[in-house]
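Asker: Quick one: this structure, given as structure tokens, is what I'll be asking you about.
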Amino acid sequence: MTKQMMDLRALVEKSADGDLLREMIGFAAERLMDLEVGTKTGADYGEKSVERLAQRNGYRTRDWQTRAGSVELRIPRLRTGSYFPSFLEPRRAAEKALTAVIQEAYVHGVSTRSMDDLVQAMGGTGVSKSQVSRLCEEIDERVDAFLTRPIEGEWPYLWIDATYLKVRQGGRIVSVAVTLAVGVNTDGRREVLGMAIGASEAEPFWTEFLRDLVRRGLGGVKLVIHCPAGSFLQEIYREGAMRMRASRLPPLGSCPRPGSAVGSTSSAMRSPMPARTAAGWYRPS
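First residue of the sequence shown? That's 1 in the UniProt record's numbering, and the numbers climb one at a time after it.
As structure tokens, this is what we get:
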């Protein structure tokens with residue numbers, strides 16, 4: 001699972017906002033700390049309870065090196081006693097289990113198996129299975145809200161690529177293509193606009209993937225950078241699903257193999273237009 005997490009991280013970080021996965025891991029870690037501290041103090045944050053055992057006393061910061069990069073943690077302090085997050089303890093499997101949960105949330109939703117692994121990794125911390133289950137639901141909800149949010153403004157540049165990840169489906173491990181769409185707006189800001197699983201070589205998948213972006217508000221597209229994917233764009237133009245022109249960058253032959261990371265949108269924009277692809281621009285009829 002570590003390699004698969006690295007593949008997804010590389011795809012996201014080299015194509016868009018590098019904080020995307022780290023922010024989600026930071027959110028999950030913060031929720032785990034709240035659950036642990038609530039167990040230790042006998043009450044949730046801000047809750048008035050006669051059973052409270054200790055009071056919170058601010059936070060201290062610490063960098064946490066994860067499979068998704070460095071995450072800054074705000075670790076709660078207590079007025080009496082001390083608290084140290086269990087997932088930072090040596091030989092704990094919580095970090096591995098947590099990153100697996102985050103990846104699954106982006107790919108196809110958190111599975112029962114991954115949730116059980118996280119529960120087991122959190123064993124002995126006072127965090128119950130129902131609390132971990134609720135955390136996984138919150139992660140799923142946040143990821144779904146991010147991937148289905150309205151797309152506002154104009155995005156002249158659209159960058160599309162896919163990587164292959166191994167996931168558990170129906171009790172067995174299968175390889176799936178995760179396709180990522182990254183936009184660059186008129187201010188030069190990059191942002192992940194969409195992510196989907198499907199047969200990346202199939203025209204129906206691409207048609208629905210791009211139509212979904214349009215339904216959510218994608219507009220102002222002038223250039224699409226993608227690896228060669230047949231003539232699917234011509235069909236999209238013909239049907240009027242999106243008004244744009246597309247060029248295959250980087251040059252043909254330099255696109256990565258499935259599962260490998262690719263260069264950033266900004267570097268692609270700086271690359272000179274190769275002569276052999278200059279005539280390959282698609283224009284809407």
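Backbone N, C-alpha and C fix where the C-beta goes; we use that ideal spot for every residue, glycine too.
In the segment 37-120, which residue ranges form an unbroken alpha helix (DSSP H) of at least 4 residues, counting only runs that do not cross its ends?
Answerer: Runs found: 94-107.
Asker: Apart from the five residues just before and just after M195, which ones in its own chain have a Cβ nearer than 6 Å to its Cβ?
Answerer: The residues are L147 and L180.
Asker: For R31, which residues in the same chain have their Cβ closer than 8 Å to its Cβ, ignoring the five residues on either side in sequence?
Answerer: Excluding sequence neighbours, R31 sits near L135 and E138.
Asker: Quick check: E36 and P85, are their CB atoms within less than 9 Å of each other?
Answerer: For E36 and P85, yes; Cβs fall inside 9 Å.
Asker: For L158, does the three-state DSSP call read helix, strand or coil?
Answerer: Of the three classes helix, strand and coil, the one that applies to L158 here is strand, per DSSP.
Asker: Is the Cβ-Cβ distance between L73 and G26 less than 9 Å?
Answerer: Yes; because the gap between Cβ atoms is below 9 Å, this pair is in contact.
Asker: Measure the C-alpha to C-alpha separation of A202 and E208 and round it to an integer number of angstroms.
Answerer: Their Cα atoms are separated by approximately 11 Å.
Asker: Closest to T80 by C-alpha separation, out of V107, K40, I102 and A54, would be which residue?
Answerer: For the residues V107, K40, I102 and A54, the minimum Cα distance to T80 belongs to A54.
Asker: Shortest alpha-carbon distance to D187 belongs to which of S114, D44 and P156?
Answerer: The shortest C-alpha separation from D187 is found at P156.
Asker: Please report the straight-line C-alpha distance between N185 and V224, rounded to a whole angstrom.
Answerer: Those two C-alpha atoms are separated by around 13 Å.
Asker: Does the distance from the CB of A145 to the CB of D117 come in under 9 Å?
Answerer: Not in contact: A145 and D117 (Cβ atoms no closer than 9 Å).
Asker: With H, G and I counted as helix, E and B as strand and the rest as coil, what does DSSP make of L20?
Answerer: Three-state result, L20: helix.
Asker: In chain order, what residues of the same chain have a beta carbon less than 8 Å from the beta carbon of L78, not counting five sequence neighbours either side?
Answerer: Contacts found: V37, K40, T41, A54, Q55, R56 and N57.
Asker: I need the boundaries of the alpha helix (DSSP H) containing I225, first residue and last residue.
Answerer: Taken as a continuous stretch (DSSP letters only), I225 belongs to no alpha helix (DSSP H), being part of the beta strand (DSSP E) at L223 to H226.
Asker: Could you check how far apart the C-beta atoms of G211 and P150 are, in whole angstroms? I think they sit under 8 Å.
Answerer: Checking the sequence shown, residue 211 turns out to be Arg, not Gly. In fact, because the Cβ distance is near 15 Å, the residues do not count as touching under 8 Å.
Asker: How big is the Cα-Cα spacing for residue 288 and D140?
Answerer: Residue 288 cannot be examined here, being either before or after the span of the chain that is shown, 1 to 285.
Asker: Can you check whether the CB of E89 is closer than 9 Å to the CB of W64?
Answerer: Cβ distance not < 9 Å, so W64 and E89 don't count as in contact.
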